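Per my numbering, residue 10 is the first one in the sequence shown, and the count goes up by one each step.
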Amino acid sequence: MTIKINNHIELLEFIKRDDINKHDALTIFEKALKVICIVFTDAITKEVLIEKSEMIKELENIIANPDYEPKPIIFFGKNPLDEI
């Protein structure tokens with residue numbers, strides 16, 4: 010399947026879709042913005058500790074800020090070491 014994202018608003022609409030899981034959303038997010046996203050993974054369950062809401066918040070900040078300068082690396086997820 011080919012997906013064409015023309016702007017940040019279309020990317021936001023895509024990520025908000027209920028039929029898109031967080032892994033697919035993250036992949037498209039990285040490719041569309043040409044960034045590398047670093048996310049934390051649970052060491053036992055191997056679950057990626059990211060929610061789509063984090064990507065949505067980042068995109069909303071990009072859309073709201075006309076002076077946005079792209080960051081090459083974006084950190085997502087809660088650091089599991091913070092809970093120790």
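Positions of the beta carbon are idealized from the N, C-alpha and C atoms, including for glycine.
All figures in this text were calculated on a predicted structure; none of them were measured in a lab.
Those residues which DSSP pairs with residue i across a bridge
| i | result |
| --- | --- |
| Thr-50 | Val-57 |
| Phe-84 | Ile-47 |
Residue from the options whose Cα sits closest to the Cα of residue i
| i | options | result |
| --- | --- | --- |
| Phe-84 | Pro-75, Tyr-77 and Leu-58 | Leu-58 |
| Ala-41 | Glu-69, Glu-78, Ile-14 and Asp-76 | Ile-14 |
Status (buried if at least 16 other CB within 10 Å, exposed otherwise) for residue i
| i | result |
| --- | --- |
| Ala-73 | exposed |
| Met-63 | Inspection of the sequence shows that residue 63 is occupied by Glu rather than by Met. Answer is buried; the Cβ neighbour count reaches 16. |
| Glu-19 | exposed |
Cβ-Cβ distance between residue i and residue j below 8 Å
| i | j | result |
| --- | --- | --- |
| Val-111 | Pro-79 | Nothing in the structure corresponds to residue 111, since the chain is present only between 10 and 93. |
| His-17 | Ile-65 | no |
### Contact the stretch 46–63 vs the stretch 25–37: 3+ CB pairs below 8 Å
The stretch 46–63, when compared against the stretch 25–37, does touch it at the 8 Å Cβ threshold.
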